[in-house]
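>
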Amino acid sequence: MSGNAELTVRRACESCRRKKTKCTGEKPICSFCERLEQPSPDQPSTPWPSDPHETLPSSESLDKAVEVYGTRLYFQPLPLFTPEGLRDRVESFPLFLQWIFLALSLSNLPYDSNSAKEADLIHLRARSARDTVLELAMRGTAKLEISQALCLLALADILEGRPALALMAIGAASRLELVRSMSFVNSPQSNPQDDASLRCYWSVFILEKAFAPRFTLLSQSLAPPEYPRSTREPSPPSCQADEEFAPDLANIRDDSKPDPGIIAHALRGVSFWGDVISYIHSIRAGQADSPSNTDSSFYRLTNKLYDLEAELGHVHFVRNVGFSERTLDELKRHHEYWVPWLVFQMAAHATQGVLNHPFIHLVTLRKANRPSQPRLFLQGTVDQAMFHSSWVARLAQTCMDIGFVVYDPLICDMVAATATIAWLFQYARDSKVSDTAKENYRKCVDFLSSMPYPSPRGVQKGSLLELLHQLQTMSSQAQDNNMISFQPAKIWQLIDSDIMDTVAPQVMTDDTPGGQSNVSNTTVSVQTTFVHPVGDKRAQRELHSDAQLPSADGFYEEGLEQFSLDSIFSQPIFIDHAWLHV
C-alpha cells in the first residue's frame, strides 16, 4: 500500500503537488493544470489551444466586444467588469474567459454575414470554454476567473431563454463565492476587497436576487463585503437653475450624510426587488399573512423600503440629476452613472407598485378566506400602486424620448410587472383615471417593444409582450358596467418573475390557497368604493345614485369573484406630476 501511495505522489505534477490536489498524472502536463492554463516544469507554457493563428481571439473582435460590453452589458444588470481600462485587462483573462466574454458580447449585435465565419468560431470556442468552466466549478475550483465566467454564462442563458442552464450556473457561482470567501480567511495575502472581487461577488448576488430570489445563498450566508467603487454623479444641467419645485421638496438636504455611491443604491434596490418577488410568490402559494398586521411580511417590507429611500442621498434625486433634461450624448458620456441610476429608480418604483398591486390585495388575498382588510389600508395600497406604476411608465417614456436604449432583462421584468397595474386601472369608471392608465399601459408596452433582441430575455421578451397582449385581448370585451374577465395565471407569470417557474411552472388549481387554476377566469367589476369620497353630498349622490357602499363581505357577488375598485379613484391623488421631482 505504501509503495502504491509513494508511486502516486511521484506521478503527480509539481503544480498539483504544491496544491496538495489529486493529479491525473498525464505527461507532460495533467489535464487539470492544462484547463487552468498553468505551466508545467515538463512543458513550456503555451497558450490554450496551441495554435495562436487559428484559435486566439482577434484584436478586432476584442475591441468590438469591449465596446459592446460598455454600451449593452455593463450593469444591465451585472457590474462584473468596470468599463474603464477593460480592453487592457481583457488581454490578461484566461482564454476560457476571453471566449465566453466574446461570445456574450458579440451575440448582442445584429447578424452580419461578413463576420459569420468568425462568429461561428467564437461560439465553438465558447462552448468548449463552457465545458471547461463547468468542470472546474464542479471540482470546487474557487478562482475569481471561474466565478466571472459563470456570471457571464448565466447572463447569456437568461438572455437566450435557457432558464435551467442559468439556474445551474447561478448555483455554481454562488457556492464558489462561499468557498472563495473562506479562502480569504486562510490566505491573508489575498484581498477580498479588491474591486474585481467585489464586482464578482455583487454580480452573483444580483443573479440570485433578480432571477432566482427564492434560492439565495449569499444574502443568507455571508456578511456582505463593501460595495464596488462608484463613478461620481455628473454635474447638474444648467437649465435646472430656473426650475421651480415645491418648497418642502426643494429644501430637503442630507449633506451631512455620507453617500456610498450610486452602485450601492442600485444593488440595494435589486435586493429589495428580489425580496418583493419572494413575497409575491409566497402569496401565490397561499403562505402569506394578513398584510395590514404590523408584524406581517408586507409591513416589514414596507419599512425596509422606507430605509432604502432614507439612505438615498439627495444628489441622486430625479429633481437634482435632471435625467429628462440630458441629451443622449451626455448620458453616453456618463454611462457608468446613468445605468445604475436607472436600475435604482426603476427598482424603487416597481417594487412599491408590485408590493401594493390591486390584484394581490383585492383579488388573491380576498379569495383566500382571510378576514377583510381595513378599507383605509386597501385605499393606501391602491394609491401607492397607481402612483409608483405611473412613475415607471414616466421613466420608460423618458428613456424613449431621449433615445436612451435599455438592454437590461431585469428592467424588462419590472416594466412588464407594473404594466399589469395600468392594465387593470384602464377599466376605471373615472374617465380621467382610465385615460391615464391606458396611456401608461401603452408607454410600458412601447418601452418593452423598443428593447433590442436578444436583450432582454430574448425569447422571454416576446413571452412577456405576448402575455400582456393576451391580457388586453381577454379584457377588451369589457362592458359598460366595467366588468372584465381574465385568467389570473397570466398576471402571475408577469409579476412573479422567478426563472425557477419557467423551468418548473407552478400548477395552480381552484383549491390552491390564494390562487385559481391556470385556466380559470376571474370576473372583476370596477364600480364601487372603499371609503366615502370627500365632496358635495348632492353631487356625490347624483354621481353614484345607483351605487351603495358595500358591506365588509359585499365586495364580491357570489360566484363571480368580483371586487370593487371605485375607491381607488375617490381620493385626489391623480394630480399633475409636472411639479413633482422626487
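Here the sequence shown is numbered in our numbering, starting from -13 and rising by one per residue. Glycine is no exception: its CB is placed at the ideal position from the N, C-alpha and C atoms. Quick caveat, the model's predicted, so the values are computed rather than measured.
1) CA-CA distance, TYR285 and LEU341?
2) Looking only at DSSP bridge pairs, what is PHE472 linked to?
3) Output yes or no for whether 7 Å exceeds the beta carbon distance between LEU573 and THR406.
4) Just reading off the alpha helix (DSSP H) that TYR55 is part of, what are its end residues?
5) Quick check on the burial criterion: 16 or more other C-beta atoms within 10 angstroms. Buried or exposed for ALA158?
6) I need the straight-line Cα distance from THR509 to VAL76, nearest angstrom please.
7) On the DSSP letters alone, give me the boundaries of the alpha helix (DSSP H) that HIS374 sits inside.
8) Determine contact between the segment 143 to 161 and the segment 192 to 211, defined as no fewer than three beta-carbon pairs at a distance below 8 Å.
9) Could you check what DSSP says for TYR292 in three-state terms: helix, strand or coil?
10) Please report the residue range of the alpha helix (DSSP H) in which ASP106 lies.
11) Return the chain-ordered list of same chain residues with a C-beta closer than 7 Å to the C-beta of GLU163, the five sequence neighbours on each side being excluded.
12) Give the straight-line distance between the Cα atoms of TRP89 and LEU193, rounded to the nearest whole angstrom.
13) So, using beta-carbon positions, are THR404 and SER449 closer together than 7 Å?
14) Classify HIS455 as buried or exposed, calling it buried when 16 or more other Cβ atoms lie within 10 Å of its own Cβ.
15) Using a Cβ-Cβ cut-off of 7 Å, state whether ALA102 counts as contacting chain C.
16) Can you look up ASP532 in the DSSP assignment and give me helix, strand or coil?
17) Taking the CB atoms as reference points, tell me whether PRO326 and ILE269 lie closer together than 7 Å.
18) Should GLN338 be labelled buried (16 or more other beta-carbon atoms within 10 Å of its own) or exposed?
19) Going by DSSP in three states, VAL419 sits in which element: helix, strand or coil?
20) What residue range does the alpha helix (DSSP H) around GLY339 cover?
21) Could you tell me the distance, in whole angstroms, from the CA atom of GLU53 to the CA atom of GLY247?
22) Can you tell me whether SER47 is helix, strand or coil according to DSSP?
23) Helix or strand or just coil, what does DSSP make of LEU351?
24) Expressed to the nearest angstrom, what Euclidean distance is found between the alpha-carbon atoms of LYS418 and PRO214?
25) Whole-angstrom Cβ separation of TYR60 and SER91, contact assumed at under 8 Å?
26) Please return the same chain residues whose Cβ sits closer than 7 Å to the Cβ of TRP324, not counting the five positions on each side in sequence.
27) When we look at the beta-carbon of PRO277 and count the other beta-carbons within 10 Å, is it buried (16 or more) or exposed?
28) Grouping DSSP H, G and I as helix and E and B as strand, with all else coil, what is THR459?
29) Tell me which same chain residues have a C-beta within less than 6 Å of the C-beta of PHE363, skipping the five on either side of it?
30) Compute the minimum distance between the beta carbon of LEU88 and the heavy atoms of the ligand SAM, and state whether it is under 6 Å.
31) If you draw a straight line from the C-alpha of VAL119 to the C-alpha of GLU295, how long is it?
32) Could you tell me the alpha carbon to alpha carbon distance between ASN94 and ARG58, rounded to whole angstroms?
33) Using alpha carbons as the reference points, say which of GLN458, GLU452, CYS398, ILE397 lies closest to TYR427.
34) Quick check on the DSSP output: the alpha helix (DSSP H) that includes THR127 runs from which residue to which?
35) For CYS385, which of ILE397, VAL304, VAL431, SER310 has the nearest alpha-carbon?
36) Taking the alpha-carbon of ALA379 as reference, which of SER420, HIS335, GLN365 has the nearest alpha-carbon?
Quick answer:
1) 10 Å
2) THR508
3) The requested residue 573 is not part of the displayed model; the chain covers only -13 to 568.
4) No alpha helix (DSSP H) holds TYR55; DSSP gives it neither H nor E.
5) buried
6) 56 Å
7) 361 to 388
8) yes
9) helix
10) 102 to 124
11) SER133, TYR187, VAL190, LEU204
12) The sequence as given places Ala at residue 89; Trp does not occur at that position. The straight-line gap from Cα to Cα measures roughly 19 Å.
13) no
14) exposed
15) Structure shown: chain C not included; a single protein chain is present.
16) Reliability of the predicted coordinates at ASP532 is poor, the pLDDT of 44 falling under 50, and no value is obtained from them.
17) no
18) buried
19) helix
20) 321 to 341
21) 24 Å
22) helix
23) helix
24) 45 Å
25) Not a contact, Cβ separation roughly 10 Å.
26) LEU317
27) buried
28) helix
29) SER278
30) Inclusion of the ligand SAM in the displayed structure is not the case, the ligand content being empty and no account of it being possible.
31) 39 Å
32) 8 Å
33) GLN458
34) No alpha helix (DSSP H) holds THR127; DSSP gives it neither H nor E.
35) SER310
36) HIS335
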